[in-house]
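J.: If you scroll down you'll find the structure; I have some questions about it.
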Amino acid sequence: MVVKGPEWEMVGCFKSLLAHWSRRLKRQLAGERYYPELHYMRGPGPKTKAKMASDKSIRGS
Numbered sequence: 000m001v002v003k004g005p006e007w008e009m010v011g012c013f014k015s016l017l018a019h020w021s022r023r024l025k026r027q028l029a030g031e032r033y034y035p036e037l038h039y040m041r042g043p044g045p046k047t048k049a050k051m052a053s054d055k056s057i058r059g060s
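Here it is in structure tokens:
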């Protein structure tokens, strides 16, 4: 078995970052408006927050 050093971990990290960037660039060139990654990072929207609040009030009673 070959032991991989820290430089190999850096290569793996760079590859995943490059894949992420290329995906984003392809989407921008294709003109897509919805980006799942950005949406996920923002957190729940107003409808989801309202639904969670109503669920909590129902469970509490």
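Numbering that gives the first Met the number 0 numbers the first residue of the sequence shown as 0 and each following residue consecutively.
Using N, Cα and C, we set each Cβ at its ideal position, and we do this for glycine too.
Rounded to whole angstroms, what's the CA-CA distance from Met51 to Pro43? Just pull it up for me.
T.: About 10 Å.
J.: DSSP state of Pro43, grouped into three classes?
T.: Of the three classes helix, strand and coil, the one that applies to Pro43 here is coil, per DSSP.
J.: Could you give the DSSP three-state label for Gly11: helix, strand or coil?
T.: Gly11: helix per DSSP, three-state reduction.
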